[in-house]
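Colleague: What follows is a single structure, and I will ask about it in a moment.
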Amino acid sequence: AQSVTQPDIHITVSEGASLELRCNYSYGATPYLFWYVQSPGQGLQLLLKYFSGDTLVQGIKGFEAEFKRSQSSFNLRKPSVHWSDAAEYFCAVAPRGAQKLVFGQGTRLTINP
Amino acid sequence: GAVVSQHPSWVICKSGTSVKIECRSLDFQATTMFWYRQFPKQSLMLMATSNEGSKATYEQGVEKDKFLINHASLTLSTLTVTSAHPEDSSFYICSAPTGGNVNTEAFFGQGTRLTVV
């Protein structure tokens, strides 16, 4: 069955520390891959996306993600987090040729001062 | 970037009444819009695809008679929750891609929190 998994429901890191949020997908063919961020009670903002080409993708707010075909993963990283990064992060996929997104369960990020 | 506006941001209604939620693309035309539902601390689940000038496409398990979708213009889609019940209380979010395929970014509305009492 096609699925998107974010293994970590909640992650806490200290301000200034590095961050990695995990995302694994299960699809017949490599889908389009996305990371979104959601602040409390708000809509979603696109951080970055991968369609093809360079497997290391740069996004907004200092985030990057690396696509690893062999591991069916698309993990999100940031070298040094800021208190303003506290939010809910969603990995999403769109099967090639389709517009609609399938979201992972989300990872809630808490930043310790 | 492009702007998608949702209205209202929150609404409280009595059980048995209907509630209409609007999703507007403010600076681009959207032939397709998507409606998602998000329960507290859970992910977004696609409910339906709204198509301008034609019937919406509902995901499996979503009652089309309960969640009425109308996409009468290229900038407006509406979701009406009919005969709302407490279990319909949720966060509803719409999105609209700026182009004809997923290569273009989909922008999200700010969401509508519905509480049915």
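Top line first, the protein sequences correspond to chains A and B.
Basically our numbering = 1-based index in the first sequence + 208.
Basically our numbering = 1-based index in the second sequence + 37.
Glycine included, every Cβ here is placed at the ideal spot set by N, Cα and C.
Since this is a predicted model, take the numbers as computed values, not measurements.
1) Just tell me which of 111(B), 146(B), 129(B) and 144(B) has its CA closest to the CA of residue 117(B).
2) Can you tell me whether residue 132(B) is helix, strand or coil according to DSSP?
3) Counting contacts by CB-CB distance shorter than 8 Å, is residue 134(B) in contact with chain A?
4) Would you check if the region 302-321 of chain A and the region 67-81 of chain B touch, i.e. whether three or more CB-CB distances between them fall below 8 Å?
5) What residues from chain B crowd round residue 251(A), counting only those whose CB sits closer than 9 Å?
6) So residue 80(B) contacts chain A; which residues on that side make the cut at Cβ distance below 7 Å?
7) Just checking: is the beta-carbon of residue 308(A) within a distance shorter than 8 Å of some beta-carbon in chain B?
8) Go through the region 237-298 of chain A residue by residue and report every complete run of the beta strand (DSSP E) that reaches 3 residues or more, in order.
9) In whole angstroms, what is the alpha-carbon distance linking residue 53(B) and residue 152(B)?
10) Measuring only the C-alpha atoms, how far is residue 291(A) from residue 223(A)?
11) Name, going along the chain, the residues of the region 46-73 of chain B whose beta-carbon falls closer than 7 Å to a beta-carbon of chain A.
12) If you draw a straight line from the alpha carbon of residue 51(B) to that of residue 58(B), how long is it in whole angstroms?
13) Since residue 56(B) contacts residue 121(B) with CB under 8 Å, what's their CB separation in whole angstroms?
14) Taking only the alpha-carbon atoms, compute the straight-line gap between residue 211(A) and residue 111(B) and give it to the nearest angstrom.
15) So, for residue 105(B): in the same chain, excluding its five sequence neighbours on each side, which residues have a beta-carbon less than 7 Å away from its beta-carbon?
Modeller: With the given structure in hand:
1) 129(B)
2) strand
3) Residue 134(B) counts as touching chain A.
4) yes
5) Going along chain B in sequence order, the residues near residue 251(A) (Cβ under 9 Å) are 41, 43, 130, 131, 132, 144, 145, 146, 147 and 148.
6) Within 7 Å Cβ-Cβ: 298, 311, 312, 313 and 314.
7) Judged by the 8 Å Cβ criterion, residue 308(A) is in contact with chain B.
8) 240-246, 252-258, 264-266, 272-276 and 281-286
9) 12 Å
10) Answer to the nearest angstrom: the Cα atoms are 6 Å apart.
11) 69 and 71
12) One alpha carbon belongs to residue 51(B), the other to residue 58(B), and they sit about 16 Å apart.
13) 6 Å
14) 31 Å
15) Closer than 7 Å at the Cβ level, and outside the excluded window around residue 105(B), lie 117 and 119.
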